[in-house]
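S.K.: The structure is given below, and queries will be raised subsequently.
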Amino acid sequence: MPDDSSLKAVEVVELTKVFKDFWGRPRVRAVDGLSFDIRAGEVFGLLGPNGSGKTTTIRMLLGLLFPTKGVVRILGAPPRSVSAKKRIGYMPEESHFYPYLNAEEILDFYCRLFHLSKSERQHRISHLLGMVGLSGARHRPIREYSKGMARRIGIAQALVNDPDMILLDEPTTGLDPIGTREVKDLIRQLKNRGKTVLLCSHLLADVEDVCDRIAILYGGKLRAQGAVSVLLAQKEQTQIVTDKLPKPVIEKVLELIRNESGHQRIEVGEPTQRLEAFFLDVVERARTEMVPTSGAEVSRMDIQFFDRREGAMGDALVEHLVEAAKVVPQPVKPEAVSAPNAPESDEAMLKEMSEAALKAPVARKPAEPKPLMPVRQDVLNELLQNPRQEPRKEDDAAKKDTKDD
Amino acid sequence: MTLRRKIQRTIDFVRYRTPELLLLMIAPVLLIGPALIVKGLASGASVFWMATRTGQLTLQDYVLNLGGVAAALIGMAVIAVICYINRQPIWASARKMVLEAISRRVIVGLILFFVVITPMMPFILETEGSPISQVQITLTYSMMLAQVLLSLVAVFLGLASMTEEIEYKEIHITDVKPVLRWQFIAGKWVGVMLITSVLLYMMGGATYVLVNAVRDGSAEHWVKVIFGRKSVANEDLTETDAAIRKELREQVFEQVFTSRLSVFPDLPKIEAAVERDLEERHKTGKIPEGMDIEKAREMLTDIYLRRACTVGPEEVRGWTVRGLRPSSNPDDFVFVRFEITAPTAKAERTVPGRWLVNPPVEGMGAFEVVSPVWRTNSYQEFKVPASYVRGDGVLQLAFFNLQPKESMDVLKFDPKTGLEILQPVEGFFPNFFRSLLVIQCHLALLAALGIMAGSLLSFPVATLVVVAVFLIGLVSGWLQQGFQEDVVPTWQLLYEAEQNIAMKPLWSDLAANTAKKLLMLILKGLPNVSEFNPISSTVNGRLVSWFTVAHAVAVLLYLKGGIVTILAFLLFTRRELARIQV
C-alpha cells in the first residue's frame, strides 16, 4: 500500500520567496508562507489576481527560482532532480522558443533531452503536431508563428514525455475560443489518464470548468483552498431547470412556491447559452460548410497515441476512437502516481489508465448548458398539480439568473 | 509536391543535419594527429629524440614534457568518457548550438570575409619582394586573421547564445527537462568547438593551399592570367637572375616549409666572476640599500652575461651548442639564426663579420661564412652542413667582428635569444597541423570564457568583460614583459650604489613589487595570445612539437579552461533563471 506521501504529487510547506535587490535588501515578498498539497490524479487550480504569486510559486515548483524559506517536493523529489523532471511537463505563461528552429525541430530537441529513440521521437512529434493542429506548419520557423500557434507548440512540448504531472501556466492565454475549449478537453483527458494537472490561471471560467480543487492566492498568501463543488455551492438557494413551460404553468409554479415556502424572491427567465458554447457552435457550422482558413487547422487534442504502439496507427486509430465514443462514460477514479524506478508498476498502471481513457467520451461538440443540480421530477409534478396562488408579475430588474455549468 | 517545395525541404534537411555533417568533417582531423605521431615514430623518432635530447633539458623539463603529454592524454580520455556517458543531453545541446550558429548571419559574413581577403593577401601586403618574405607574410597574416576571426566567433557565439537563452526565457522550458545545467553548458561548449574547429581546419586548408601557391609561383601566374599583367616579381629573368631566384626559392623550403628543432647555445660561464664581484661589493658597501643579496646577484649575472656576449672590433666570440643530431648525409644542414645588435645605431645597418664553424674531426677544414653585409637589429640565417656536428651532438662556432679597432663599434648578441641553431626534423605539414591544434586550444579557452560570461552576466556587461579580456589577451605578452622589467634599471641601481646616492624608500619598492606580482598573476590567468603562439614558430620553420601541443592542451584547455568551466558550472547551477514577476 502506498503511504500518504506517495498520493501527493506536490507538497508545498511554508513556502516563502523574497526577491532582493543588488545590495541584498528585501524588495518584494512574492510568496509568503504558502502551504498546500496536490493529490495525484487531480486537476488543481492555482488562482489569484495579477501579482498574487502564482507564477513565482510555479517557478519554485520547477526549480527555476529557489525558495527563500520552506520546502517544495514534486512527485516525491526536489524540484531540480532529474528523476522528477523526467515525469514533468510544463507549459509556461509566455511561449518562448528558439526562433531559428521549426516546430518539428523544436520538438525533436526536447525529445532528445528525454533520451527518446529516433523512431519514438518521430512517432511522438508526428502525433503531437497533429494533436495541436500544426502538421501543416511543421516546417515553418517558430518566429513566423502567431501567438496562438506558439501556444499550441507550448502544449505539444509539455507532452513530449507523456508526463505524470503537467504544470500549465495560463494555458489558454492567446488561444481562440476553439483552442481554449480544446485545452480544457485536453486537461480532462489528462485527468482521465490519471495525470496530475496544476493549472495556474486568472480566468475563473476555465478553472471552474476543469479543476477538482483550487487554491486562491492574494499577496503571496493562501486565501482559500478546497474542492470547487464545495467552494461554489450555494446551499441557501434552489434552482429548477425544465423544458419550455407555458406562461400559465409558470404562474402556477410560482404561486405554489410562494404558498409552500413563503419565499418572496423567485426569479424566472429563459436560460442563455454561454458565449463559448455559442461561438463554438457557429464555428462548427462553418467547418461543416468547408469555409477556408489560413490559421491553425482543426486539432484533435487527444493524447491516446501515447498508449498505442506501431500496429495501432492510421485507420486503426480512427476505429479506436469511434469505438471509444460509443462506450458509456465511466467515472475514472484518480490513481496515485507511481513511485520512480518501478517500470513494471508503471507499465501496468499505464495499461489500466489507457483502458479507462479509451472508454471515456471524446468531446466532439460543445456541451449543452447543464443545471448545477438535477431536476427533481416529483417536486415539479407536485408543484404543477397544486396551483393555488396568482401568478407573480415579472420583475424587470430580475429578468434571469440562469446558472449553467 | 512542387519543385520549389522539394528544394526547400532539401535545404531544411541539410540545415538540420549540419551538426552531424560537421562531425563527419572533423573526423579526418581526429585521424591526422595519430597518423602523424605514428609516422614520426616510424621515421626513427627523430622528432621525439631531438625534443628530449637537446642537452639543455633539465629533469624539470623532462617532467613537464612527459607530464604534459600524460595530462593531455588522461584529460582527453576523461573528457571522452564524460561526454560518452552524458552523450544524449550534451549532443542535444551541442547540435542546437550549431543550428543557432548557422542561423546567425555574422558567421557567414566572417567566413566570406576570410575567403575574400586571404587570397588577396600576397598582393596587397607590402613585402621585400623575395619569395621567402612573400610566403612568410602571407602565412603570418592568414593564420593571424583566422585566429582572430575564430576567436571572436568562439567567444561571442557562446556568450550571445547564453544571454539570449536567459533574456528571452527560452531556458525556462529547457531547464525543466531532464538535463543538468552542466550538461547544457557542456553541450554549448561542444557546439562552439565543433563549429570553430571545422572553420579553423577549413581556413587552415585554404591557407596551406595559398602559401603553396605563393611558394611555387602559381599565385603570380594566376594573377597574370586573371588581370592580364605581370606581377612585380615576375620580370623577365637573365640566367644569373634565374639562379638567384632559384636560390631564393630554396630558402623558402629551408626556412619556412620545414620544421626545425631550436637549440640554444650554452650560456657563458660567469658564475665565478659574479660571485667575486658580489663579494667585493658586499665588502665595500656598494650594494644598494634595501636590496637583498639574491637580487644583487641576479642583476650582476645579467650584466656579466651581456658583457660576455659582446664582440668588440677585431675581437672574436665563440659558442658551444649541444644536443644536435649528427649526420653524414651531405644534403642535411643545420641553420644558424642570429641577431646582431649594434648599440650605437638604432636603425638597421650592415656590419662586416665572419662566422667560423669548428671541424668535428682533425684534418677536416673549418666551415667559414664571410659576409660583408650582416644586417644589424634583425634576424638572419646561414646554413652549415650537418656533418659539422660532432658525434656527441656538439657544434662549435665563432663570430669575428671585422670592423677596425678605431671604429669602437661593439656588437652584441642577446645572451639567451641572440643565437640559435635550427635543425630540420620534419616537414611543413605536420608543423602546420600542430600549430592549428595549439590555436584550437586557444579557441577552447575563449569559448569557455564566453559561455561563462554569458551564463552569469547580461549581454552588455558580458560583452564588455569579454572584450576587455580579449584586448588584454592581445597585449598580454607585451604587458607581462613590461612588468618583468625592473622599475629602476639595473645599471642605474648599481651606478647609484657606487656613487652612494640615496635610494628610494623601501616601502615604495615593496608596494611596486607587490602590485607588479599581483598584475602578473592576473595577466597569467587570463587568456594570452602570445602564450604558446604557434604562428611565429610556423612562419620561421621552427618545430611546434607534440610536447608543445600537449603543454598547450594542459595549460590552456585543462588548467585555464578547466577553471573557467568549473566556475561556470558551479555559478550557473546556483543561479536562479527566472526574475521577479509577481
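Protein sequences appear in the order of chains X and L. Residues 3 to 407, numbered by our numbering, are exactly what the first sequence covers, in order. Residues 424 to 1005, numbered by our numbering, are exactly what the second sequence covers, in order. We put the beta carbon where it would ideally sit given N, CA and C, even for glycine.
Could you check whether residue 190 of chain X and residue 212 of chain X sit closer than 8 angstroms to each other, using their CB atoms as the reference points?
M.R.: Indexing the first sequence from 1 puts residue 212 of chain X at position 210. Indexing the first sequence from 1 puts residue 190 of chain X at position 188. Result yes, Cβ atoms of residue 212 of chain X and residue 190 of chain X sit closer than 8 angstroms.
S.K.: CA-CA distance, residue 452 of chain L and residue 496 of chain L?
M.R.: Here the question's residue 452 of chain L lines up with position 29 in the second sequence. Here the question's residue 496 of chain L lines up with position 73 in the second sequence. Going by the C-alpha atoms only, they are around 17 angstroms apart.
S.K.: I need the DSSP call for residue 34 of chain X, collapsed to helix, strand or coil.
M.R.: As a first step, residue 34 of chain X is located in the first sequence; it is residue number 32 there, counting from the start. Residue 34 of chain X: strand per DSSP, three-state reduction.
S.K.: For the beta strand (DSSP E) containing residue 139 of chain X, name the first residue and the last one.
M.R.: Here the question's residue 139 of chain X lines up with position 137 in the first sequence. It is not in any beta strand (DSSP E) - residue 139 of chain X carries neither H nor E in the DSSP assignment.
S.K.: Does the stretch 834-846 of chain L come close enough to the stretch 750-758 of chain L that 3 or more CB-CB pairs lie under 8 angstroms?
M.R.: Yes, they touch.
S.K.: Using a cut-off of 9 angstroms between C-beta atoms, extract the partners of residue 991 of chain L located in chain X.
M.R.: Residue numbering aside, residue 991 of chain L sits at position 568 when the second sequence is read from its first letter. The premise fails here: residue 991 of chain L is roughly 17 angstroms from chain X at the closest Cβ pair, so nothing lies under 9 angstroms.
S.K.: Beta-carbon within less than 8 angstroms of residue 17 of chain X's beta-carbon, same chain only, minus the 5 sequence neighbours each way: which residues are those?
M.R.: Translated into the one-based positions of the first sequence, residue 17 of chain X becomes position 15. Cβ within range, chain order: 33, 35, 36, 37, 59, 62, 69, 71, 72, 73 and 74.
S.K.: So what does DSSP say about residue 439 of chain X, is it helix, strand or coil?
M.R.: The question about residue 439 of chain X has no answer, for chain X in this structure spans 3 to 407.
S.K.: Which ranges would you report for the alpha helix (DSSP H) in the stretch 120-179 of chain X if only whole runs of at least 4 residues count?
M.R.: Those alpha helix (DSSP H) runs which fall completely within the stretch 120-179 of chain X and span 4+ residues are 120-133 and 149-160.
S.K.: Are the stretch 776-792 of chain L and the stretch 801-811 of chain L touching, with three or more C-beta to C-beta distances below 8 angstroms?
M.R.: Verdict: yes, contact present.
S.K.: Less than 8 angstroms between the beta carbons of residue 619 of chain L and residue 877 of chain L, yes or no?
M.R.: By one-based count along the second sequence, residue 619 of chain L stands at place 196. By one-based count along the second sequence, residue 877 of chain L stands at place 454. Going by C-beta atoms, residue 619 of chain L is not nearer than 8 angstroms to residue 877 of chain L.
S.K.: For a contact meaning CB atoms closer than 8 angstroms, what does residue 443 of chain L contact in chain X?
M.R.: Numbered from 1 along the second sequence, position 20 holds the residue referred to as residue 443 of chain L. Here the premise fails: no neighbours, minimum Cβ distance about 12 angstroms.
S.K.: Are residue 545 of chain L and residue 561 of chain L touching if we call contact CB-CB under 8 angstroms?
M.R.: The sequence position of residue 545 of chain L within the second sequence is 122, counting from 1. The sequence position of residue 561 of chain L within the second sequence is 138, counting from 1. Contact: yes.
S.K.: Hey, does residue 36 of chain X have any beta-carbon neighbour from chain L nearer than 8 angstroms?
M.R.: Here residue 36 of chain X refers to the residue found at position 34 of the first sequence. No, no contact with chain L.
S.K.: Got a sec: is the Cβ-Cβ distance from residue 220 of chain X to anything in chain L below 8 angstroms?
M.R.: Taking the first sequence and counting its residues from 1, one reaches residue 220 of chain X at position 218. Cβ-Cβ to chain L under 8 angstroms: no for residue 220 of chain X.
S.K.: Only counting the same chain, and skipping five residues up and downstream in sequence, which positions put a Cβ closer than 7 angstroms to that of residue 862 of chain L?
M.R.: Reading the second sequence from its first residue, position 439 is the one you call residue 862 of chain L. Hits under 7 angstroms: 570, 623 and 957.
S.K.: Using the beta-carbon of each residue, which ones in chain L are nearer than 8 angstroms to residue 201 of chain X?
M.R.: Within the first sequence, residue 201 of chain X is the residue found at index 199, counting from 1. Chain L residues near residue 201 of chain X: none, gap ~16 angstroms exceeds 8 angstroms.
S.K.: Closer than 7 angstroms by beta-carbon distance: list the chain B residues that pair up with residue 96 of chain X, in chain order.
M.R.: In the structure shown, chain B does not exist; the protein chains are X and L.
S.K.: Identify the continuous beta strand (DSSP E) that holds residue 804 of chain L and give its terminal residues.
M.R.: The residue you call residue 804 of chain L lines up with position 381 of the second sequence. Here the beta strand (DSSP E) through residue 804 of chain L covers 802-808.
S.K.: Can you give me the Cβ contacts of residue 134 of chain X inside the same chain, cut-off strictly under 6 angstroms, excluding the 5 residues immediately before and after it?
M.R.: The sequence position of residue 134 of chain X within the first sequence is 132, counting from 1. Here the set comprises 154, 157, 158 and 301.
S.K.: Can you list the residues of chain L that residue 114 of chain X reaches, using a CB-CB cut of under 7 angstroms?
M.R.: Against the first sequence, residue 114 of chain X aligns to sequence position 112. Those are 511 and 515, listed as they occur along chain L.
S.K.: For the stretch 524-564 of chain L, list the beta strand (DSSP E) runs that are entirely contained and at least 3 residues long, ordered along the chain.
M.R.: Taking only runs of at least 3 residues, no beta strand (DSSP E) segment lies wholly in the stretch 524-564 of chain L.
S.K.: Suppose contacts are defined by Cβ-Cβ distances below 8 angstroms. Is residue 431 of chain L in contact with residue 555 of chain L by that definition?
M.R.: What you label residue 431 of chain L is simply residue 8 of the second sequence in a count that begins at 1. What you label residue 555 of chain L is simply residue 132 of the second sequence in a count that begins at 1. No, the Cβ-Cβ distance between residue 431 of chain L and residue 555 of chain L is not below 8 angstroms.
S.K.: Verify whether the separation of the beta carbon atoms of residue 101 of chain X and residue 143 of chain X is less than 8 angstroms.
M.R.: Locating residue 101 of chain X in the first sequence gives position 99, counting from the first residue. Locating residue 143 of chain X in the first sequence gives position 141, counting from the first residue. Result yes, Cβ atoms of residue 101 of chain X and residue 143 of chain X sit closer than 8 angstroms.
S.K.: Can the beta-carbon of residue 407 of chain L be found closer than 8 angstroms to that of residue 781 of chain L?
M.R.: Absent from the structure is residue 407 of chain L, since the part of chain L shown begins at 424 and ends at 1005.
S.K.: If you drop the 5 nearest sequence neighbours on each side, which residues of the same chain put their C-beta closer than 7 angstroms to that of residue 567 of chain L?
M.R.: To locate residue 567 of chain L, count along the second sequence from 1; it is residue 144. Result list for residue 567 of chain L: 958, in chain order.
S.K.: Verify the CB distance criterion: does residue 1001 of chain L have a CB-CB separation below 8 angstroms to chain X?
M.R.: Numbered from its first residue, the second sequence carries residue 1001 of chain L at position 578. Interface residue, yes.
S.K.: What is the DSSP secondary structure of residue 52 of chain X, reduced to helix, strand or coil?
M.R.: In the first sequence, the residue the question calls residue 52 of chain X occupies position 50. The answer is coil: DSSP assigns residue 52 of chain X none of H, G, I, E or B.
S.K.: From the DSSP output, in three-state form, read off residue 229 of chain X for me.
M.R.: Numbered from 1 along the first sequence, position 227 holds the residue referred to as residue 229 of chain X. Looking at residue 229 of chain X - three-state DSSP - the assignment turns out to be strand.
S.K.: Would you give the residue range spanned by the beta strand (DSSP E) that residue 679 of chain L belongs to?
M.R.: Position 256 of the second sequence, counting from 1, holds the residue named residue 679 of chain L. No beta strand (DSSP E) holds residue 679 of chain L; DSSP gives it neither H nor E.
S.K.: Can the beta-carbon of residue 169 of chain X be found less than 8 angstroms from the beta-carbon of residue 90 of chain X?
M.R.: Against the first sequence, residue 169 of chain X aligns to sequence position 167. Against the first sequence, residue 90 of chain X aligns to sequence position 88. Cβ atoms of residue 169 of chain X and residue 90 of chain X: closer than 8 angstroms.
S.K.: Alpha carbon to alpha carbon, what distance is there between residue 223 of chain X and residue 126 of chain X?
M.R.: One-based indexing of the first sequence puts residue 126 of chain X at position 124. One-based indexing of the first sequence puts residue 223 of chain X at position 221. Using only the alpha carbons, I get a separation of about 39 angstroms.
S.K.: Does DSSP put residue 579 of chain L in a helix, a strand or coil?
M.R.: Translated into the one-based positions of the second sequence, residue 579 of chain L becomes position 156. In this structure, residue 579 of chain L counts as helix in the three-state DSSP scheme.
S.K.: Give me the Cα-Cα distance between residue 290 of chain X and residue 136 of chain X, rounded to the nearest whole angstrom.
M.R.: Within the first sequence, numbered from 1, the residue matching residue 290 of chain X stands at position 288. Within the first sequence, numbered from 1, the residue matching residue 136 of chain X stands at position 134. Rounded to whole angstroms, residue 290 of chain X to residue 136 of chain X spans 20 angstroms at the Cα level.
S.K.: Nearest to residue 761 of chain L by CA position, among L:437, L:980, L:972 and L:963, is which residue?
M.R.: Here residue 761 of chain L corresponds to residue number 338 of the second sequence, with the count starting at 1. Here the closest residue by C-alpha is L:963.
S.K.: Measuring straight from C-alpha to C-alpha, what distance separates residue 384 of chain X and residue 229 of chain X?
M.R.: As a working mapping, residue 384 of chain X is identified with position 382 in the first sequence. As a working mapping, residue 229 of chain X is identified with position 227 in the first sequence. Any answer about residue 384 of chain X is weak, because its pLDDT of 49 lies below 50 and its placement is not dependable; what the coordinates show is given next. Each residue's Cα considered, the two are about 34 angstroms apart.
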